[in-house]
Structure formats: structure tokens, C-alpha cells
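From first to last, the protein sequence lines stand for chains F and P.
Residues in the first sequence are numbered from 1 upward in steps of one, following the working numbering.
Residues in the second sequence are numbered from 1001 upward in steps of one, following the working numbering.
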Amino acid sequence: MSLDDARVQRIAVLARIELAQDEIGPLGKELSGILDWIEQLQEVDTDAVEPMTGGADQSLRWRTDGVEDGGHAAKILANAPEAHEGFFGVPKVIE
Amino acid sequence: MSFIIKGETGDWETVIGLEVHAQVVSKSKLFSAAPTTFGAEPNTQVSFVDAGMPGMLPVINDVCVEYAVRTGLGLKARINNRSVFARKNYFYADLPQGYQISQFELPIVGEGTLILDMPDGESREVGIERLHLEQDAGKSIHDLHPDKTFIDLNRCGVALMEIVSKPDMRSPDEAGAYLRKLRSIVRYLETCDGNMDEGSMRCDANVSVRPVGSDELRTRCEIKNVNSVRFVMQAIEHEARRHVDVYEAGGDIAQETRLYDTSKSETRPMRSKEFAHDYRYFPDPDLLPLEFDDAYVEEIRSTLPELPDDKKERFMADYSLSAYDAGVLVVEKETAAYFEDVASGRDAKVVANWVISNLFGALNKKGLSISDSPVSALNLGKLIDLISDETISGRIAKEVFEVMVDEGKDPDAIVEEKGLRQITDTGPIEDAIVKVMEESPGKVEEYRGGKDKLIGWFVGQVMKQTGGKANPGMVNDLLRKKLAE
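Structure (C-alpha cells):
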């Protein structure tokens, strides 16, 4: 399967990755290679096989509802490029 | 109750499906132990899981699972003993993970039904498509800074139940009835507080139109995040009329997300084309499938309260109430309990009438809920007893009731204090009758000459003479006798 430039560009937008014009071609080839490999995997007949969620026989762990976290706004905001009055500040995103 | 839009080219029917996001009443979030309290200082209710910090792992909250199942049972829906969490990927400033943990192919609750109680007493069934658990996003605030948007992550990760209906509704009234019924059910179940103004219940409406008689499903538009029942109904009506206008002008409707502008009463497109949805759902690798056995479900089922539909049927059967009265009384379980308190040992229809016509009116005027009612069930019961044992007349009872609403007092005390006890002795009533007859000999002549209708006027005058305290039945009887003499 081969990905054209427009498709690569679209994936980059969805992933929020900025691509230089000369990166698109090579990246398209790499991604196509991955898809080829997936196609190869899909040749295996798995109709009678239950999908697995992991190698170990585990089940989802549940937590008792209770408050044991929060109350550290400063830590939450520590990496924010901008913070104002306890809020994250981001470029205006109004519809 | 049909809602048909008359167009230039013919009649149009509206097709409506609703998606309701109902916030689960839990102490902590769906996948983290941060609190869910409404209105806290910004970013103080956030764990590193909610903030999307690398390496943090989600762990599911048991109450959220229980309440989703509980709500599913309340909607008479299929419960899926195995469901899967998926990542719904999109980029937005208030979504630090870059994806919302939701459920896609395998939701925790499958198909169910909800009964609409229409204002005319009719019932209609609406299908529930599914209910799934998902995380809420944070909050963007646009008006605190001239060129910045402020982000508060407190709501991030709070558990929501997304409840999706089938496209079974045909009018704004039905959509309103659906929302009110759903709110009533979750409040009975105590799984969501149902407060639309605090955002703990939010509604997206999917709307399309089609010519009457057709069963096609045309392109729908989704109106996002409308925050009151009334606005949802208005938004649907405006959107349906817009579709008709577009089709009749020869145009086509594009599938899109729209916002309802309550100040302009119009819907307009929300997201620009470049944000065209491509959520790239896939099973969340951080979470194993959510599984439980039938015993777990049955244990939850055994704790369900009597729900509004069952209560309504019981009220109709046990108290001989009309569908409308029973429907109104069971909307809030507190109201239903109040009614039953008063109705015990009394004429239920009389009680229903007092609660619906008088008490609801008084509470509405004062903006109070039944739990804050100044008139207790005990006191309303006493008032009704005072009427039935003829201590006071129905008319005086309304006066007493007003004092009860304003002062919260016991009706016995009010009647004694104000000397409102009904006059049931023939003596004073006859005195009043004689007085009225003496003052208006002309009317007496007219009556005796065959103008029977004047009896009403005489009754009114006698009641006036007695300050409204005379027993109206006795006044009637005695008057007729005296006038016939």
C-alpha cells in the first residue's frame, strides 16, 4: 500500500507534527513500508481466534471511589509555558 | 401531538435523536482519585493522570461502573458484562491527553427504552441505542484575557455517561419530554444530579427533516451542548425550519456540528472544515476490558428504587388518579413521597388537586423545591381534614393555605387565631339571610317572580355577610326555604 503526499500531510496535521516539504516523500515511503508489513500480518487467518488483550492472564483492576489526589495546582501548572491566576494560558481558541 | 412544518412544497416531519452527557455522582474521577466538586479553584482538582502527564496510568472507579449499570437497568437496557475502553483522538486545548477515554464498539450498556409522558397524558416509547462511560474534558474560558484562552482542568476526567437515543422523536415537545424523563430517572436512581444549569446534564441534538409519509433518513446536523430543556426544544425547532428552507430553495444540508445562539435564536456552524472529525478510535492499551458477572448486575438490580413509570402506574391504580396527575406527581421522587404522606387515609384525588394546583403554584412563585416547602405534608393533611370535617369551607381553606405558605404555620392555629371556623349553626346564617332579604326587597320580588338564577347572587351576599365563613351548602338550603316562604 502506498500513501500519497496529501495523505501523509493529513496524518501529520492530525498528529500535530509540522513537516518540511522535503520530509513528506521519505516519510510517506516509511509509513507505506509499515502498512505493507501490517498487510502481510493480515494474511494470517485469525477468524477462530479471540482477540487477546495481553500475554498474561489479568483482569482490569478496580479502585474504590475516594479522593486521594488533587490540591496541587502549582505542580500541575509547573510545565505550562504560560499560567495566569491558576489557569493555563493558551492562544485564543474561540469558535 | 404532531409537529409538522408546512413548507411551500408540502409538509415536513422532523426526526430527532438526542445524546445526553450525564455526569456520574462520584467522589473522584473515572480514572483518577482527584475530586469532582463543582466550582473549586482552577486546577486544584487535578491529578497527573487528568493532566495527561507521561507515564501515568488510569485506574477505573468502582462507583462509576456501578452507576452506569444502575442507570442502564433503570432504562431497561441490556447490560454488557464485557465492554472495552477506546481512545477517541482529537486535539484541543482543554484535552491534555490528546484523546478522550471513551467506549466505542463495546459499550457497557446496550439497547433500552424510555417512556415519554406527553402533556396530554399520552405515552410514547423512545429507543435507547446505548450508554457508555467516558471522561469529561477541561473547561476553556475565553473572557478573562484579551488574547488568551484560560484552561481549567478541574473537570478533566470526571465520569460521564453518554446516553444515546434512537432517532425516534418527531417534535420539540417529545425531545423536551425525553430530557425531563431521563432527568427524572437518573435522579430517582441517584446516579446523576440532573442539573442542566451546572452542566451535569448536557444535551446534543441530532436533527433532520423529511417529507411527511417518507421513511428516509436525510442528512442530520448536530447541535452541541445546549444547557436547558427549553433551549433544546427551541434549537430543534429553529434547526428543523432551517433544513426545510434549505431543501425548498433547492439546496442540500451538509452534515455538520452547529451551535445554538440563544440571544439570536439561530443555529450556526461550529467547527471549521479543517477540524473534520477523524477520531481514529482504538482500544486503550492502558486499560483491560471491563468485565463483571451476572451476580454483580443482579446485586445492583436488587437495590433499584421504584422508578417513575412504575410509581405512576401504582398511583393510577391505587389512588385512581388520571395519567396526567400521576405523571406530574412522580417526576420528582420527593414530590411523590410528599403526596403519599398527605394522601394516606385521605381522599387521594382531593390531595392530588391540592398538591398540583395549589402547592406547586405557591412553590413556583417562591422558587422553592418541594423539600423546602413551607407547607409540610403534615400541615397540608390537617388543612384538608379541616375541609372534610366542615370546620372551614373550601374558600376559606385557600385563605388559610396562603397564610401557611407565607408563615409556615399549623392550619388549626391559623383558623383559631383568625376566627375562620365555619358557621354551621342555622341561627346566624338565618339572621344573615333575613338581613340580605330586607336590604334587597326588589331582588326578592324578582326571584319569587321566577328569576331562579338570582339564587347565586343571594348566596354571594349571605357569604359576604358572614365573612365567607358560612357553610355554603347550608346557605343554599336555608336560602331556598326562606325565599320560598
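All C-beta atoms, glycine included, are put in the ideal place defined by N, C-alpha and C.
- Spanning the alpha carbons of Glu68(F) and Tyr1067(P) requires a straight line of approximately 21 Å.
- Think of a sphere of 8 Å around the beta carbon of Asn1043(P): the chain F residues whose beta carbon falls inside it are Ala73, Ile76, Leu77, Gly86, Phe87, Phe88, in chain order.
- Pairwise C-beta distances place the region 1293 to 1310 of chain P out of contact with the region 73 to 89 of chain F, as fewer than three of them are shorter than 8 Å.
- Apart from sequence neighbours up to five positions away, the residues of its chain that approach Tyr1338(P) with a beta-carbon distance below 6 Å are Ile1370, Ala1377, ordered along the chain.
- The alpha carbon of Arg1220(P) has as its nearest neighbour, out of Asp1136(P), Pro1042(P), Gln1461(P), Val1015(P), the alpha carbon of Val1015(P).
- Contact annotation: in the region 1054 to 1071 of chain P, residues whose CB is within less than 8 Å of a CB in chain F are Val1059, Ile1060, Asn1061, Asp1062, Val1063, Cys1064, Val1065.
- In this chain, the beta strand (DSSP E) harbouring Gln1100(P) covers 1099 to 1103.
- Neighbours of Ala1051(P) in chain F, taken as residues whose beta carbon is under 7 Å from its own, are Ile76 in chain order.
- In this structure, the straight-line span from the alpha carbon of Met1118(P) to that of Val1328(P) is close to 10 Å.
- Among the residues of chain P, those whose CB is under 8 Å from the CB of Glu68(F) are Ser1028, Ala1033, following chain order.
- Between Val1046(P) and chain F, the shortest Cβ-Cβ separation is below 8 Å.
- Within chain F, the residues placing a beta-carbon under 7 Å from that of Ala1093(P) are Val90, Val93, ordered along the chain.
- In the structure shown, the three-state DSSP call for Ile17(F) is coil.
- Here the alpha carbon of Ser1320(P) sits roughly 19 Å from the alpha carbon of Ser1388(P).
- Met1161(P): member of the beta strand (DSSP E) spanning 1159 to 1165, first to last residue.
- If you look at Asp1385(P), you'll find it isn't in any beta strand (DSSP E); it sits in the alpha helix (DSSP H) that goes 1377 to 1388.
- Of all residues in the region 1283 to 1311 of chain P, only Pro1283, Leu1287, Leu1288, Pro1289, Leu1290, Glu1291 place a beta-carbon less than 8 Å from a beta-carbon of chain F.
- Within the model, the alpha-carbon separation for His84(F) versus Pro1035(P) is close to 22 Å.
- In the structure shown, Leu1359(P) adopts helical secondary structure according to DSSP, grouped into three states.
- At a cut-off of 8 Å between C-beta atoms, Leu60(F) counts as an interface residue with respect to chain P.
- Here Thr1262(P) carries a coil assignment [DSSP, helix/strand/coil].
- If you look at Val1415(P), you'll find it in the alpha helix (DSSP H) that goes 1411 to 1418.
- Of the candidates Lys1333(P), Ala1295(P), Arg1280(P), Asn1154(P), the residue whose Cα lies closest to the Cα of Arg1187(P) is Lys1333(P).
- Under the Cβ distance rule, Thr64(F) counts among the residues neighbouring chain P, one pair being separated by less than 8 Å.
- Annotation: Arg61(F) is outside any alpha helix (DSSP H) and is labelled neither H nor E by DSSP.
- Non-local C-beta neighbours of Leu1057(P) in its own chain, meaning closer than 6 Å and more than five positions away in sequence, comprise Asp1286, ordered along the chain.
- Under DSSP, Val90(F) forms a beta bridge with Thr1149(P).
- Proximity of chain F to Lys1148(P) at the Cβ level (cut-off 8 Å) is accounted for by Glu82, His84, Gly89, Val90, Pro91, Lys92, in chain order.
- If the five residues before and after Gly1121(P) are omitted, its C-beta is found closer than 8 Å to the C-beta atoms of Ser1322, Ala1323, Tyr1324, Gly1327, all from its own chain and listed in chain order.
- With a threshold of 16 other beta carbon atoms within 10 Å, Val1475(P) meets it and is buried.
- The beta carbons of Ile1101(P) and Phe1031(P) sit about 7 Å from each other, so the pair counts as a contact at 8 Å.
- Secondary structure at Val1434(P): helix, using DSSP grouped into helix, strand and coil.
- Taking all protein chains in view, the Cβ of Thr1149(P) is crowded by 16 or more other Cβ atoms within 10 Å, so the residue is classified as buried.
- Below 8 Å, enough C-beta pairs join the region 1170 to 1184 of chain P and the region 1108 to 1116 of chain P to call them touching: three or more.
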